[in-house]
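Enquirer: The structure that follows is given in the form of structure tokens.
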Amino acid sequence: MTRRWQLAHGRHLDLGPKAVVMGILNVTPDSFSDGGLFIAPEKAIAQARRMVEEGAAIIDVGGESTRPGFAPITAEEEQGRILPVIEALATAGDALISIDTYREDTARRAVAAGAHIINDVWGVQREPGIAAVAAETGAGLIIMHTGRERQKLPDVIEDQFLFLRKSLEIARAAGVADSQIVLDAGFGFAKETTEENIDLMARFSELHALGFPLMAGTSRKRFIGAVTGREPGERAVGTAATSVVLRLKGADLFRVHDVAINVDALAVVDAMLARETASSSRQ
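Numbering-wise (the working numbering), the sequence shown opens with residue 96 and increments by one.
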């Protein structure tokens, strides 16, 4: 099934038939696997161009680390890091731009600078006004599940439903259209054990009951390291394996550091799925 994702600035993205890869661009000094590598605007822009050449349809720009134990920064610091990069990307090509923030003001300024998508790791529950920004600008809105700073339900999927349904109520009350929304299961965000993340991956298809396109963000996460014994910068193959599994379970978008290997892995899955669809239609 094809679903049209409505984005800011008159753009859209059709989800369903082919996996969509979002390249991670951390303009931070302290992200868990690439902190400091792209904090200089010229290096960030070069990395964004490289990821687009490798097949990324979206560049997700973040100015504050969200790793466990991260040190919060001010909105001014965050905006000083991301706005020059977003402005440069918006004038340099046709790639879609996402802003990874939970702050209403940062989201508003980022969309004004050229961002098409708001990616909120607090699921519009930290600063609910961010939903109003999406409604007013028409930006795509990625609502991520998190278990941070609250008591979770013991069942991994029941907790997804509890949190994400509250987020959807906030978004809809603010006027965000369903066609703007994508949901993210939030791998690694207060899923403290390897088993919890693996269980979430195994049961990922149950999230389709919420009725929205789904994004997977497993890239270089700690649970992949626990399974493979690899350090963060060595987890590209493990990440690609999770992308394959989650595509088979119906994920539409994949947020990754290592674009090329995931694009190739997902192309193989999509080729197989297309053959299955064609075979079914002939029967």
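Glycine residues also receive a C-beta, built at the ideal position from the N, C-alpha and C atoms.
Secondary structure at residue 303, three-state DSSP: helix, strand or coil?
Expert: Helix, per DSSP.
Enquirer: Under 8 Å Cβ to Cβ from residue 365, same chain only, skipping five residues before and after it: list those, please.
Expert: If we look at residue 365 and ignore the five residues flanking it on each side, its Cβ neighbours are 112, 113, 114 and 342.
Enquirer: CB-CB under 8 Å to residue 96, same chain, minus the five flanking residues each way: which ones, in chain order?
Expert: For residue 96, where only same-chain residues beyond five positions count, the Cβ hits under 8 Å are 111.
Enquirer: At 3 residues or longer, and completely inside the stretch 301-364: list those beta strand (DSSP E) runs for me, N to C.
Expert: List check, beta strand (DSSP E) in window: 309-311 and 348-351.
Enquirer: List the whole-angstrom C-beta distance separating residue 151 from residue 180, where the pair is believed to meet the contact cut-off of C-beta under 8 Å.
Expert: Residue 151 to residue 180, Cβ: 15 Å. No contact.
Enquirer: Taking Cβ positions, are residue 236 and residue 213 nearer each other than 8 Å?
Expert: Yes, Cβ-Cβ distance for residue 236 and residue 213 is below 8 Å.
Enquirer: Applying the 10 Å Cβ sphere with the 16-neighbour rule, what's the burial state of residue 103?
Expert: By the neighbour-count rule (16 or more Cβ atoms within 10 Å), residue 103 is buried.
Enquirer: Does the stretch 292-302 touch the stretch 220-232, meaning 3 or more C-beta pairs lie closer than 8 Å?
Expert: The stretch 220-232 is not in contact with the stretch 292-302.
Enquirer: What three-state label does DSSP hand residue 377 in the structure shown?
Expert: In this structure, residue 377 counts as helix in the three-state DSSP scheme.
Enquirer: Please give me, in chain order, every unbroken run of the alpha helix (DSSP H) with length at least 4 that falls completely inside the stretch 193-268.
Expert: The qualifying runs are 199-208, 224-232 and 251-268.
Enquirer: State the beta-bridge partners of residue 119 as determined by DSSP.
Expert: Paired residues: 155.
Enquirer: Does the beta-carbon distance from residue 262 to residue 220 come in below 8 Å?
Expert: Against a cut-off of 8 Å, the Cβ pair of residue 220 and residue 262 comes out as a contact.
Enquirer: List the whole-angstrom C-beta distance separating residue 285 from residue 247, where the pair is believed to meet the contact cut-off of C-beta under 8 Å.
Expert: The pair is a contact, with the Cβ atoms about 7 Å apart (cut-off 8 Å).
Enquirer: Nearest by alpha-carbon distance to residue 358: which of 337, 344, 377 and 370 is it?
Expert: If we check each option's Cα against that of residue 358, 337 comes out closest.
Enquirer: Taking only three categories from DSSP, how would you classify residue 140?
Expert: DSSP places residue 140 in helix when its eight states are reduced to three.
Enquirer: In whole angstroms, what is the alpha-carbon distance linking residue 176 and residue 156?
Expert: Distance between the alpha carbons of residue 176 and residue 156: 10 Å.
Enquirer: From the DSSP output, in three-state form, read off residue 271 for me.
Expert: Coil.
Enquirer: Tell me the DSSP bridge mates of residue 107?
Expert: The partner list for residue 107 (beta bridge, DSSP) reads 101.
Enquirer: Near residue 222, what residues of its chain come up, given a Cβ to Cβ distance below 7 Å and the 5 sequence neighbours on each side ignored?
Expert: Correct list, in chain order: 197, 198 and 199.
Enquirer: Please classify residue 287: does DSSP put it in a helix, a strand, or coil?
Expert: Three-state result, residue 287: coil.
Enquirer: Regarding residue 159 and the ligand MN, is the C-beta to nearest heavy atom distance less than 7 Å?
Expert: Inclusion of the ligand MN in the displayed structure is not the case, the ligand content being empty and no account of it being possible.
Enquirer: Find the nearest neighbour of residue 174 within the set 123, 354, 244 and 361, judged by alpha-carbon distance.
Expert: Measuring from the Cα of residue 174, the nearest candidate turns out to be 123.
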